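These notes are about the structure you will find just below.
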Amino acid sequence: MKRKLLSVLLAVTLVAGMLTGCGSKEEAPAAEPASEPAKTAAPEATPDAAPAESPAADAAQTGADSASGLKIGVCYCMLSAPAVKVFAQGIQEKAKELGVELIELDGGFDASKQTDQINSLVSQKVDGIVLNPVDGTSIIPAVKAAKEAGIPVVMGAMDIDESGREYVVSFVGADDKDVGAAAGKKMLETLGDKGGKVAIVEGTAGTSAATLRTEGFEEAVKGSNIEVVTKLSADFDKAKAMSITEDILTKYPDLSGIWVHDDTMCVGVAQAMKSMGYSGEDLKVVSYNGSKNGADMVKSGEIVATSVQPLVDEGRTSIEVLVKAINGETVETWYKDKIDMLDADNVDSYDPALLW
36 MKRKLLSVLL AVTLVAGMLT GCGSKEEAPA AEPASEPAKT AAPEATPDAA
86 PAESPAADAA QTGADSASGL KIGVCYCMLS APAVKVFAQG IQEKAKELGV
136 ELIELDGGFD ASKQTDQINS LVSQKVDGIV LNPVDGTSII PAVKAAKEAG
186 IPVVMGAMDI DESGREYVVS FVGADDKDVG AAAGKKMLET LGDKGGKVAI
236 VEGTAGTSAA TLRTEGFEEA VKGSNIEVVT KLSADFDKAK AMSITEDILT
286 KYPDLSGIWV HDDTMCVGVA QAMKSMGYSG EDLKVVSYNG SKNGADMVKS
336 GEIVATSVQP LVDEGRTSIE VLVKAINGET VETWYKDKID MLDADNVDSY
386 DPALLW
């Protein structure tokens with residue numbers, strides 16, 4: 036990886052936004068495999084390879100004949116989060132298409148619990164693991180144990196900390212720093228030379244998604260007339276985002292803009308604005324995720340823009356890449372999302388199938 040990835044998570048992503056869940060929050064039962072699959076050392080990812088620009092387009096299609104009968108564990112950060120739910124949809128679709136058996140586990144946003152889940156999957160001798168981490172740092176020992184057991188791990192939607200990079204074969208997802216930078220550039224374009232006071236409504240504090248999205252934004256607006264006056268975490272939660280925004284607008288009634296780390300929180304931000312008498316003309320809001328809700332808010336003028344995170348593609352590609360790795364094929368170290376910014380100029384013409 037060619038960037039520093041800080042992590043404690045967001046699922047936000049995604050958690051964002053990385054930081055979000057599919058169906059029930061109950062864990063799938065830990066079924067023992069009928070027979071112990073043969074294990075070989077997890078294949079190394081191509082060193083120093085440039086990241087593929089689009090996960091779905093650049094990950095080579097893997098035939099069902101090479102995947103049928105494989106047992107793959109999937110560890111989600113938190114299945115109650117909307118974005119994770121959509122990511123899980125892509126996982127499930129591709130697994131069904133290829134005939135892969137899934138053991139899906141919900142970390143419940145508990146890093147210790149997720150570590151135990153990975154260790155359990157290693158004990159069950161699954162063929163591979165897709166990991167959507169709660170915390171990209173504390174998870175490293177469990178991921179290392181998986182590699183030592185010959186079980187390849189693909190990071191999906193959110194990455195492992197750079198210090199654990201050697202233990203995974205690939206990452207499928209966005210560059211969250213680029214996501215923040217794109218939002219910062221959009222805010223600069225929107226506020227112009229006048230600038231103004233801007234708040235950041237973050238995902239879960241300390242997660243890679245939250246940290247990098249904020250860093251990218253701040254670097255993009257550095258040296259301009261935009262002043263970031265406050266940064267508050269809403270944990271990728273709509274209700275918390277609404278409450279936080281009400282507090283922000285009470286303290287900073289002359290605020291000019293808000294950078295929101297994901298569309299789920301942005302719905303809460305928009306609700307708070309409306310309840311306090313602010314319109315999209317008064318306060319410029321930029322978001323991330325590319326949800327249908329986000330697109331609708333752009334169309335209505337409630338927010339300026341939202342950029343698209345292709346969560347279903349991330350899920351599908353995570354399975355494709357993992358199956359390739361299990362079969363000893365070479366994979367890229369990073370299948371990188373393309374950042375599409377939706378605003379008033381293109382939201383009506385954007386393919387709705389790419390929104391979630």
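When we follow my numbering, the leftmost residue of the sequence shown carries the number 36, and every step to the right adds one. All residues carry an ideal CB built from backbone N, CA and C; glycine is no exception. Computed from a predicted model, the values in this text were never measured in an experiment.
Within a Cβ cutoff of 6 Å, which residues of the same chain sit near N328, ignoring the five residues on either side of it in sequence? Position 293 of the sequence shown, counted from the first residue, corresponds to residue 328. Sequence-distant partners of N328 (beyond 5 residues in either direction) whose C-beta falls short of 6 Å from its own C-beta, in its chain, are D298, V302.
Can you grab the Cα-Cα spacing for the pair Y287 / A379, in whole Å? Counting from one through the sequence shown, the residue named residue 287 turns up at place 252. Counting from one through the sequence shown, the residue named residue 379 turns up at place 344. When rounded, the distance between both Cα atoms is 27 Å.
For the alpha helix (DSSP H) containing M300, name the first residue and the last one. The count along the sequence shown starts at 1 and reaches residue 300 at position 265. Element bounds for M300: 298 to 310.
Tell me the rounded alpha-carbon separation between G125 and P345. Position 90 of the sequence shown, counted from the first residue, corresponds to residue 125. Position 310 of the sequence shown, counted from the first residue, corresponds to residue 345. For G125 and P345, the gap between their C-alpha atoms comes out near 10 Å.
What's the C-alpha gap between A307 and V189? Position 272 of the sequence shown holds residue 307. Position 154 of the sequence shown holds residue 189. Straight-line Cα distance between these residues: approximately 38 Å.
Quick one: what's E183 bridged to in DSSP? For this step, residue 183 is matched to residue 148 along the sequence shown. Per DSSP, none; premise fails for E183.
Helix, strand or coil for G208, going by three-state DSSP, please let me know. Counted from its first residue, the sequence shown places residue 208 at position 173. DSSP, reduced to helix, strand and coil, places G208 within a strand of the structure shown.
V236 beta carbon less than 8 Å from that of V295: The residue labelled residue 295 in the question sits at position 260 within the sequence shown. The residue labelled residue 236 in the question sits at position 201 within the sequence shown. Going by C-beta atoms, V295 is nearer than 8 Å to V236.
Which listed residue (G143, I138, S147, I175) has its alpha carbon closest to that of Q159: Your numbering for residue 159 matches position 124 in the sequence shown. Residue I138 is the option with its Cα nearest to Q159.
Beta-ladder partner(s) of C110, from DSSP: Translated into the one-based positions of the sequence shown, residue 110 becomes position 75. Partner(s): L140, L166.
Are the segment 99 to 119 and the segment 128 to 143 touching by the rule of at least three beta carbon pairs closer than 8 Å? Put simply, the segment 99 to 119 touches the segment 128 to 143. At least three CB pairs are less than 8 Å apart.
Tell me the DSSP secondary structure of G219 in three-state form. Position 184 of the sequence shown, counted from the first residue, corresponds to residue 219. Three-state DSSP puts G219 in a helix.
Considering only DSSP beta bridges, list what K371 is partnered with. Locating residue 371 in the sequence shown gives position 336, where the first residue counts as 1. DSSP links K371 through a beta bridge to G208.
E237 lies in the alpha helix (DSSP H); which residues open and close that run? Counted from its first residue, the sequence shown places residue 237 at position 202. E237: not part of any alpha helix (DSSP H); member of the beta strand (DSSP E) spanning 231 to 237, first to last residue.
Tell me the rounded alpha-carbon separation between I174 and N362. Position 139 of the sequence shown, counted from the first residue, corresponds to residue 174. Position 327 of the sequence shown, counted from the first residue, corresponds to residue 362. Cα-Cα distance, rounded: 25 Å.
Beta carbon of L377 nearer than 8 Å to that of S353: Taking the sequence shown and counting its residues from 1, one reaches residue 377 at position 342. Taking the sequence shown and counting its residues from 1, one reaches residue 353 at position 318. A distance of 8 Å or more separates the beta carbons of L377 and S353.
Own chain, CB closer than 7 Å to G142, minus 5 neighbours either side, in chain order: What you label residue 142 is simply residue 107 of the sequence shown in a count that begins at 1. Taken in chain order, the residues that qualify are C110, Y111, C112, M113, K148, Q149, Q152, V169.
Counting along the chain, where does the alpha helix (DSSP H) carrying S335 start and finish? Position 300 of the sequence shown, counting from 1, holds the residue named residue 335. Unbroken alpha helix (DSSP H) run through S335: 327 to 335.
Would I283 and A240 qualify as a contact pair, given that the criterion is a beta-carbon distance under 8 Å? Counting from one through the sequence shown, the residue named residue 283 turns up at place 248. Counting from one through the sequence shown, the residue named residue 240 turns up at place 205. I283 places its beta carbon 8 Å or farther from that of A240.
Do V165 and L318 have their C-beta atoms closer together than 8 Å? Here the question's residue 165 lines up with position 130 in the sequence shown. Here the question's residue 318 lines up with position 283 in the sequence shown. Taking 8 Å as the Cβ cut-off, V165 and L318 do not qualify as a contacting pair.
Between which residues of its own chain and A181 is the CB-CB distance below 7 Å, once the five residues before and five after are set aside? Position 146 of the sequence shown, counted from the first residue, corresponds to residue 181. So the qualifying residues of the chain are I153, V157, I164, V188.
On a Cα-Cα basis, can you pick out the residue from D196, K232, I261, D194 that is closest to K220? As a working mapping, residue 220 is identified with position 185 in the sequence shown. The shortest C-alpha separation from K220 is found at I261.
Measure from the alpha carbon of E349 to the alpha carbon of each residue in G251, A177, N324, then state which is nearest. Here residue 349 refers to the residue found at position 314 when the sequence shown is read from its first residue. Looking at the Cα atoms, N324 is the closest of the given residues.
Just tell me which of G292, T285, S326, S335 has its CA closest to the CA of M311. One-based indexing of the sequence shown puts residue 311 at position 276. The candidate whose alpha carbon is nearest that of M311 is T285.
Take G315 as the anchor and find which of M300, E183, A330, G292 has the nearest alpha-carbon. Sequence index remark: in the sequence shown, residue 315 carries index 280 (1-based). Minimum Cα distance to G315 is reached at G292.
Presumed contact (8 Å Cβ cut-off) between D211 and G251, rounded CB distance: The count along the sequence shown starts at 1 and reaches residue 211 at position 176. The count along the sequence shown starts at 1 and reaches residue 251 at position 216. Cβ atoms of D211 and G251 come within 8 Å of each other, at about 7 Å.
Straight-line gap, A388 to T249 (C-alpha atoms, nearest Å): Looking up residue 388 in the sequence shown gives position 353. Looking up residue 249 in the sequence shown gives position 214. When rounded, the distance between both Cα atoms is 28 Å.
Does DSSP put N362 in a helix, a strand or coil? Locating residue 362 in the sequence shown gives position 327, counting from the first residue. In the structure shown, N362 sits in coil (DSSP, three-state: anything other than H, G, I, E or B).
Am I right that V256 and L223 are in contact with their C-beta atoms under 8 Å? What's the rounded C-beta distance? Position 221 of the sequence shown, counted from the start, is the residue given in the question as residue 256. Position 188 of the sequence shown, counted from the start, is the residue given in the question as residue 223. Indeed they touch by this definition, with Cβ atoms about 6 Å apart.
If we call anything under 8 Å between Cβ atoms a contact, is N167 one with G199? Your numbering for residue 167 matches position 132 in the sequence shown. Your numbering for residue 199 matches position 164 in the sequence shown. Against a cut-off of 8 Å, the Cβ pair of G199 and N167 comes out as no contact.
What residues are listed by DSSP as bridge partners for A340? By 1-based counting over the sequence shown, the position of residue 340 is 305. Answer by DSSP bridge pairing, in chain order: V321.
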